[in-house]
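**Student:** Here it is, the structure, as structure tokens.
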Amino acid sequence: MRFSLGAILAVLSIAPVSQSAQPPVIDSHQHLFSPAAGALVSGKPESTGISAVELIALLDAAGIQRAVVLSMGYTWGKASRAQNENEYERVKAENDWTAEQVSRFPERLRAFCSFNPLKAYALAELERCSKHRQLRSGLKLHFGNSDVDYDNPEKVAQVKKVFAAANGYRMPIVVHMHASLDMKRKYGADQARVFLNELLPAAPAVAVQIAHLAGAGSYDDVTDAALGVFTDAIAKRDPRMKNVWFDASAVPRPEMPAAELERIASRIRQIGVARVLYGSDAATTPSMYPKAGWETFQRLPLTPAEFREIASNIAPYMAWK
260 MRFSLGAILA VLSIAPVSQS AQPPVIDSHQ HLFSPAAGAL VSGKPESTGI SAVELIALLD
320 AAGIQRAVVL SMGYTWGKAS RAQNENEYER VKAENDWTAE QVSRFPERLR AFCSFNPLKA
380 YALAELERCS KHRQLRSGLK LHFGNSDVDY DNPEKVAQVK KVFAAANGYR MPIVVHMHAS
440 LDMKRKYGAD QARVFLNELL PAAPAVAVQI AHLAGAGSYD DVTDAALGVF TDAIAKRDPR
500 MKNVWFDASA VPRPEMPAAE LERIASRIRQ IGVARVLYGS DAATTPSMYP KAGWETFQRL
560 PLTPAEFREI ASNIAPYMAW K
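When we follow our numbering, the leftmost residue of the sequence shown carries the number 260, and every step to the right adds one.
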């Protein structure tokens, strides 16, 4: 993982990426890493993380005006990792660090609070974030990291409480809904129906953004099956889908074959390009930088008009002057 601003600028200077379509107005799926979180995730104690200054440099290189920054607070409560000492304090510190970084660029960045929704401190941290000037903007949940098992009614009920509380605080939700890969949890159409039937109704008044087109990055058959549940609901004008958006962060990949790109494009059209958001995910490698990510996204067999619409889409939580 690369976290050095010097390395970022060096790559941008020697390997520019051409863009045929206008750059997106907003990167709707970004992350910052505190030095502590960078070391935790990368396994490199010397990590300096990813700062707001570094992210702004990457956005400028891509011609992107603004970004939503999803806190990495949840990573401290990762279910497959041994529990950290003073875990909740570390979660709060990561959320607060992210808020402080974003506050340096208030016209360009917006922060979302995050945590593992299954932890005993989840509702307390959500309440704390709801009162924080920067963190009240929204909530980021990562079901894979947190091991939200759709086949466990108790876990679903706990997450439902978090959705309902976020709805009460009028905090939009960005959710990585794919179940845990580490734990080998079942994921597909049945699990997406649980999300549609149990979780979405708990947050009817706020925008819910489903990350990675309902997958975990890239695209496979189980992701397509899950996404199909939502495209069917959209086709039927299901009212539960009224405030649902999808980001396509880390979905198209440079090495993807044409048939897979066509399948993704077909699903995007079924969703409707008006509710699809561009996102590039964490800038941990050059291929994930916003500029390179937008170039890869343009490999999809969409029309210029469709690319322009996606590039211009602004989720409600980012609609500020």
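Every residue gets a Cβ at the ideal spot worked out from N, C-alpha and C, and that includes glycine.
Taking the DSSP output, what are the residues bridged to H435?
**Tutor:** Stepping through the sequence shown from its first residue, residue 435 is reached at position 176. H435 is bridged to H401.
**Student:** With DSSP as the reference, label N354 as helix, strand or coil.
**Tutor:** Here residue 354 corresponds to residue number 95 of the sequence shown, with the count starting at 1. If DSSP states are grouped into helix, strand and coil, N354 belongs with the helices.
**Student:** Which term fits V312, buried or exposed, when burial requires 16 or more other beta carbons within 10 angstroms of its beta carbon?
**Tutor:** Working through the sequence shown from its first residue, we reach residue 312 at position 53. With fewer than 16 other Cβ atoms within 10 Å, it is exposed.
**Student:** Given P275, which residues of its chain have a CB within under 7 Å of its CB, disregarding the five upstream and five downstream residues?
**Tutor:** Stepping through the sequence shown from its first residue, residue 275 is reached at position 16. Any reading at P275 must be qualified, since the residue scores a pLDDT of 40, below 50, and its modelled position is unreliable; the value itself is stated next. For P275, where only same-chain residues beyond five positions count, there are no Cβ hits under 7 Å.
**Student:** Have a look at L536, F556, M547, L559 and flag the residue whose alpha-carbon is nearest the alpha-carbon of N243.
**Tutor:** The requested residue 243 is not part of the displayed model; the chain covers only 260 to 580.
**Student:** Work out the CA separation of D319 and N404 for me, nearest whole Å.
**Tutor:** Working through the sequence shown from its first residue, we reach residue 404 at position 145. Working through the sequence shown from its first residue, we reach residue 319 at position 60. Each residue's alpha carbon lies about 30 Å from the other.
**Student:** Would you kindly work out how many angstroms separate the C-alpha atoms of P365 and A475, rounded to a whole number?
**Tutor:** Counting from 1 along the sequence shown, the entry for residue 365 is found at position 106. Counting from 1 along the sequence shown, the entry for residue 475 is found at position 216. Just so you know, the alpha carbons of P365 and A475 end up roughly 29 Å apart.
**Student:** Output the boundary residues of the beta strand (DSSP E) element that contains K468.
**Tutor:** As a working mapping, residue 468 is identified with position 209 in the sequence shown. Residue 468 is actually Gln in this sequence, not Lys. For Q468, the enclosing beta strand (DSSP E) has its first and last residue at 467-469.
**Student:** Starting from V300, follow the beta strand (DSSP E) in both directions and report where the run begins and ends.
**Tutor:** Within the sequence shown, the letter at position 41 stands for residue 300. Unbroken run through V300 is the alpha helix (DSSP H), 294-301; no beta strand (DSSP E).
**Student:** Per DSSP, C372 is paired with what?
**Tutor:** For this step, residue 372 is matched to residue 113 along the sequence shown. DSSP output for C372 lists L398 as bridge partner(s).
**Student:** Take every Cβ of the stretch 317-334, pair it with every Cβ of the stretch 366-381, and state whether three or more of those distances are shorter than 8 Å.
**Tutor:** yes
**Student:** Counting only the same chain and skipping the five closest in sequence on each side, list residues whose C-beta sits under 7 Å from that of K414.
**Tutor:** Counted from its first residue, the sequence shown places residue 414 at position 155. The residues are L377, V407, D408.
**Student:** Where does D286 fall in DSSP's three states?
**Tutor:** Against the sequence shown, residue 286 aligns to sequence position 27. If DSSP states are grouped into helix, strand and coil, D286 belongs with the strands.
**Student:** Are the stretch 426-439 and the stretch 390-400 touching by the rule of at least three beta carbon pairs closer than 8 Å?
**Tutor:** yes
**Student:** According to DSSP, is L440 helix, strand or coil?
**Tutor:** Along the sequence shown, one-based indexing puts residue 440 at 181. Correct three-state label for L440: coil.
**Student:** Relative to the C-alpha of L458, which residue among E386, P498, A423 is closest?
**Tutor:** Counted from its first residue, the sequence shown places residue 458 at position 199. The residue with the shortest Cα to Cα distance from L458 is A423.
**Student:** Where in the stretch 308-362 do unbroken runs of the alpha helix (DSSP H), each at least 4 residues long, occur, reported from the N-terminal end onward?
**Tutor:** Correct list: 311-321, 346-361.
**Student:** Please state the DSSP three-state secondary structure of L377.
**Tutor:** Indexing the sequence shown from 1 puts residue 377 at position 118. Look at L377 here: in three-state DSSP terms it is coil, with no helix or strand label.
**Student:** Going straight from the alpha carbon of K495 to that of V481, what length do you get?
**Tutor:** Working through the sequence shown from its first residue, we reach residue 495 at position 236. Working through the sequence shown from its first residue, we reach residue 481 at position 222. Going from the Cα of K495 to the Cα of V481 covers about 22 Å.
**Student:** Span of the beta strand (DSSP E) holding V503?
**Tutor:** Within the sequence shown, numbered from 1, the residue matching residue 503 stands at position 244. Where V503 is concerned, the enclosing beta strand (DSSP E) stretches over 503-506.
**Student:** Using DSSP bridges, identify the partner residues of K536.
**Tutor:** Position 277 of the sequence shown holds residue 536. According to the sequence as given, residue 536 is Leu; it is not Lys. DSSP output for L536 lists D506 as bridge partner(s).
**Student:** Leaving out five residues on either side along the sequence, give the residues of the same chain with a beta carbon under 6 Å from the beta carbon of I527.
**Tutor:** Locating residue 527 in the sequence shown gives position 268, counting from the first residue. Around I527: V535.
**Student:** With H, G and I counted as helix, E and B as strand and the rest as coil, what does DSSP make of F422?
**Tutor:** Position 163 of the sequence shown holds residue 422. Correct three-state label for F422: helix.
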